[in-house]
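To start, the structure itself, in structure tokens.
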Amino acid sequence: MSGQNAWSEKYRPKTLDDVQGQEEVIKLLKSSLDSGLPNLLFFGPPGSGKTTSILAVAHELFQGYFKERVLELNASNQRGIEMVRTTLKNYAMQDVTHYDGIPDYKLIILDESDALTPDAQTALRRMMEDFTKNTRFCLICNYISRILPPISSRCIKFRFSALPKEIVSNRLQMICEKEGFSVTNEAIQAVSILSEGDLRYGIGLLQKLSQGINHSVTPQDISNVAGVVPSKEITEIIHLCQNGSVNDLYLKAMSLVVEQNYSADSILSQLRDVYIEDCVNLTNQERCLFLQLIAQSDATLIDKTDPLFSICALLCSLFKFYHKLTLNP
Ligand SMILES: Nc1ncnc2c1ncn2[C@@H]1O[C@H](COP(=O)(O)OP(=O)(O)O)[C@@H](O)[C@H]1O
Ligand SMILES: [Mg+2]
1 MSGQNAWSEK YRPKTLDDVQ GQEEVIKLLK SSLDSGLPNL LFFGPPGSGK
51 TTSILAVAHE LFQGYFKERV LELNASNQRG IEMVRTTLKN YAMQDVTHYD
101 GIPDYKLIIL DESDALTPDA QTALRRMMED FTKNTRFCLI CNYISRILPP
151 ISSRCIKFRF SALPKEIVSN RLQMICEKEG FSVTNEAIQA VSILSEGDLR
201 YGIGLLQKLS QGINHSVTPQ DISNVAGVVP SKEITEIIHL CQNGSVNDLY
251 LKAMSLVVEQ NYSADSILSQ LRDVYIEDCV NLTNQERCLF LQLIAQSDAT
301 LIDKTDPLFS ICALLCSLFK FYHKLTLNP
């Protein structure tokens, strides 16, 4: 669910004081604002309040001049140096009109800045130096390790944490009450667990549930809407890795990823849970190895490998393990 009707937008906190569960970050942010806005780098998992916090800061600083003083860009759409040299630079070069009570600088919010190529980051660093007089930057990303040190060292860094389950469930509860959507506490808890600290995801799931369903929400409804892979499929994957053929594995991956359109992320996180909870009688060493393989597979997905290939490769590694083949090709 996106756009203006999205509950996640409707219930986006407007002020820093309304941002939940990030007390340390908010305290630090407020105190660093006292002496004028520095360049900022916000990092942390999705749906934890990064964009919300900088928008709240910007509204407080620029009030009615927000549109004129703030440029929001998403680096994942235009990853390259051209975007930095054109869109960003043109905006940064512009002079600012003085208004009483409004700071004499503008703000560039660069979301998903870890998607910028190293070249683009280098150009960005130069701009941060050249335009310090009337431009501030807020870089937002999930992984700080992908930001070049010359950039991160020019920013004050704020680490956002995945929101605790209780914060997520309280917020979901509040939204349900305001929307007149009645769900059981069990449903709220189930959505909170699935959210894994990502409130945008949790709110989106809740809104989807509120749409298609006119009887009371069951755990099965939540699983369906969230695209949770049925646990019998997960059990069968493990069974096939132990006793099936490579062809069976391929057909299973095809069926889940292509025909039934389950997300590779869900398959990975559910396999991960099986191995973390150790429902399958493994030794500690075996569990470590499996979790490593799942993490590697997750990394390939982040690098935009085809999900079918990622899942096939993981299942083949598990197959090799169960058949006592060496894992290093
Ligand atoms: N800390 C939070 N407190 C309250 N609501 C939040 C918080 N974090 C996220 N949300 C909700 O999730 C939505 C997306 O949050 P956002 O700040 O855009 O996440 P991100 O960290 O990915 O930038 C917000 O519009 C809001 O509804
Ligand atoms: Mg964001």
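Position 158 of the sequence shown, counting from 1, maps to 158 under the UniProt record's numbering, and the rest follow consecutively. We treat Cβ as the ideally placed atom computed from N, Cα and C, and that holds for glycine.
Exercise. Grouping DSSP H, G and I as helix and E and B as strand, with all else coil, what is residue 18?
Worked result: Taking the sequence shown and counting its residues from 1, one reaches residue 18 at position 18. Of the three classes helix, strand and coil, the one that applies to residue 18 here is helix, per DSSP.
Exercise. So the beta strand (DSSP E) residue 141 belongs to, where does it begin and stop?
Worked result: In the sequence shown, the residue the question calls residue 141 occupies position 141. 135–141 is the span of the beta strand (DSSP E), which, as asked, contains residue 141.
For this session: Please check the pair residue 158 and residue 25, which I expect to be a contact at CB under 8 Å, by giving their CB distance rounded to whole angstroms.
Result: Walking along the sequence shown from the start, residue 158 turns up at place 158. Walking along the sequence shown from the start, residue 25 turns up at place 25. Contact between residue 158 and residue 25 holds: CB atoms are separated by about 5 Å, below the 8 Å threshold.
For this session: Mind listing, in chain order, the continuous beta strand (DSSP E) runs of no fewer than 3 residues lying wholly within the stretch 135–190?
Result: Counting only runs of 3 or more, we get 135–141, 156–159.
Problem set entry | Neighbour-count burial assignment, residue 262, 16 or more Cβ in a 10 Å radius | For this step, residue 262 is matched to residue 262 along the sequence shown. Residue 262 is buried by the Cβ-count criterion.
Problem set entry | Pairwise C-alpha distance: residue 91 and residue 320 | Here the question's residue 320 lines up with position 320 in the sequence shown. Here the question's residue 91 lines up with position 91 in the sequence shown. Taking the straight line from one Cα to the other gives about 54 Å.
Exercise. Run through DSSP, which three-state label would residue 72 get?
Worked result: Working through the sequence shown from its first residue, we reach residue 72 at position 72. Looking at residue 72 - three-state DSSP - the assignment turns out to be strand.
Exercise. Should residue 204 be labelled buried (16 or more other beta-carbon atoms within 10 Å of its own) or exposed?
Worked result: Numbered from 1 along the sequence shown, position 204 holds the residue referred to as residue 204. With 16 or more other Cβ atoms within 10 Å, it is buried.
Exercise. Using 8 Å as the threshold, is the stretch 72–84 in touch with the stretch 163–173, meaning 3 or more CB pairs across them?
Worked result: no
Problem set entry | Cα-Cα separation between residue 283 and residue 196, rounded to whole angstroms | For this step, residue 283 is matched to residue 283 along the sequence shown. For this step, residue 196 is matched to residue 196 along the sequence shown. So the alpha carbons of these two residues sit roughly 27 Å apart.
For this session: Would you list the one or two residues that DSSP bridges to residue 109?
Result: Locating residue 109 in the sequence shown gives position 109, where the first residue counts as 1. DSSP output for residue 109 lists 72, 138 as bridge partner(s).
Problem set entry | Pairwise C-alpha distance: residue 155 and residue 40 | Your numbering for residue 40 matches position 40 in the sequence shown. Your numbering for residue 155 matches position 155 in the sequence shown. Taking the straight line from one Cα to the other gives about 5 Å.
Exercise. Regarding residue 238 and ligand 2, is the C-beta to nearest heavy atom distance less than 7 Å?
Worked result: Counting from 1 along the sequence shown, the entry for residue 238 is found at position 238. Because no heavy atom of ligand 2 lies under 7 Å away, the Cβ of residue 238 does not count as near it: no.
Problem set entry | Below-8 Å beta-carbon distance, residue 198 vs any chain C residue | Of the chains in the structure shown, none is chain C; there is only one protein chain.
For this session: Would you check if there are 3 or more beta carbon pairs closer than 8 Å linking the stretch 103–112 to the stretch 127–145?
Result: yes
Problem set entry | Cβ-Cβ separation, residue 183 to residue 217 (assumed contact under 8 Å), whole Å | Looking up residue 217 in the sequence shown gives position 217. Looking up residue 183 in the sequence shown gives position 183. Confirmed, about 5 Å.
Problem set entry | Contact set, ligand 2 heavy atom to C-beta under 6 Å | Here the residues come out as 50, 51, 111, 140.
Exercise. Taking all protein chains shown into account, do 16 or more other C-beta atoms lie within 10 angstroms of the C-beta of residue 336, making it buried, or fewer, making it exposed?
Worked result: The chain is shown from 1 up to 329; residue 336 falls before or after that span and cannot be answered.
Exercise. Just checking my contact of residue 96 with residue 106 at CB under 8 Å: how many whole Å lie between their CB atoms?
Worked result: Position 96 of the sequence shown holds residue 96. Position 106 of the sequence shown holds residue 106. Confirmed, Cβ separation roughly 6 Å.
For this session: Look at the alpha carbon of residue 54 and the alpha carbon of residue 152, and state the distance between them as a whole number of angstroms.
Result: Locating residue 54 in the sequence shown gives position 54, where the first residue counts as 1. Locating residue 152 in the sequence shown gives position 152, where the first residue counts as 1. So the alpha carbons of these two residues sit roughly 17 Å apart.
Exercise. Are residue 7 and residue 209 close, meaning C-beta to C-beta below 8 Å?
Worked result: The count along the sequence shown starts at 1 and reaches residue 7 at position 7. The count along the sequence shown starts at 1 and reaches residue 209 at position 209. Taking 8 Å as the Cβ cut-off, residue 7 and residue 209 do not qualify as a contacting pair.
Problem set entry | For residue 43, the residue or residues it bridges with in DSSP | Locating residue 43 in the sequence shown gives position 43, where the first residue counts as 1. Bridge partners of residue 43: 141, 159.
Exercise. Between 265, 270, 253, 258, which lies nearest to residue 316 when the distance is taken from Cα to Cα?
Worked result: Here residue 316 corresponds to residue number 316 of the sequence shown, with the count starting at 1. Nearest option by C-alpha distance: 253.
Exercise. Where residue 371 and residue 324 are concerned, what is the direct C-alpha to C-alpha distance, given to the nearest angstrom?
Worked result: With the chain covering only 1 through 329, there is no way to say anything about residue 371.
Exercise. Which stretch, first to last residue, makes up the alpha helix (DSSP H) that contains residue 25?
Worked result: Indexing the sequence shown from 1 puts residue 25 at position 25. Residue 25 -> alpha helix (DSSP H) spans 23–33.
For this session: Answer yes or no: do residue 307 and residue 257 have a C-beta to C-beta separation smaller than 8 Å?
Result: Within the sequence shown, the letter at position 307 stands for residue 307. Within the sequence shown, the letter at position 257 stands for residue 257. In this structure, residue 257 lies closer than 8 Å to residue 307 by Cβ.
Exercise. Alpha helix (DSSP H) containing residue 128: first to last residue?
Worked result: As a working note, residue 128 is residue 128 in the sequence shown. 118–130 is the span of the alpha helix (DSSP H), which, as asked, contains residue 128.
Exercise. Heavy atom of ligand 1 less than 7 Å from the Cβ of residue 9, yes or no?
Worked result: Residue mapping note: residue 9 aligns to position 9 of the sequence shown, counting from 1. Correct: residue 9 has its Cβ closer than 7 Å to ligand 1.
For this session: Tell me whether residue 205 counts as near ligand 1, meaning its Cβ is closer than 7 Å to at least one heavy atom of that ligand.
Result: For the purposes of this step, residue 205 is taken as the residue at position 205 of the sequence shown. No, the Cβ of residue 205 stays beyond 7 Å of every heavy atom of ligand 1.
Exercise. Quick one: what's got a C-beta closer than 8 Å to residue 14's C-beta in the same chain, skipping five residues either side?
Worked result: One-based indexing of the sequence shown puts residue 14 at position 14. If you ignore the 5 residues before and after residue 14, its C-beta comes within less than 8 Å of the C-beta of 56, 59, all in its own chain and listed in chain order.
Exercise. Tell me which same chain residues have a C-beta within less than 8 Å of the C-beta of residue 104, skipping the five on either side of it?
Worked result: Taking the sequence shown and counting its residues from 1, one reaches residue 104 at position 104. Same-chain partners within the cutoff: 96, 98, 134.
Exercise. Would you say the beta carbon of residue 245 comes nearer than 7 Å to a heavy atom of ligand 1?
Worked result: Indexing the sequence shown from 1 puts residue 245 at position 245. For residue 245, the shortest C-beta to heavy atom distance toward ligand 1 is 7 Å or greater.
Exercise. Residue 102 by DSSP, collapsed to three states: which one?
Worked result: Working through the sequence shown from its first residue, we reach residue 102 at position 102. Residue 102: coil per DSSP, three-state reduction.
Exercise. What did DSSP end up calling residue 5 once you bin it into helix, strand or coil?
Worked result: Start at 1 with the first residue of the sequence shown, and residue 5 comes out as number 5. Coil at residue 5, not helix or strand.
Problem set entry | Residues near residue 200 by beta carbon distance below 6 Å, same chain, minus five either side | Mapped onto the sequence shown, residue 200 falls at position 200. Excluding sequence neighbours, residue 200 sits near 8, 47.
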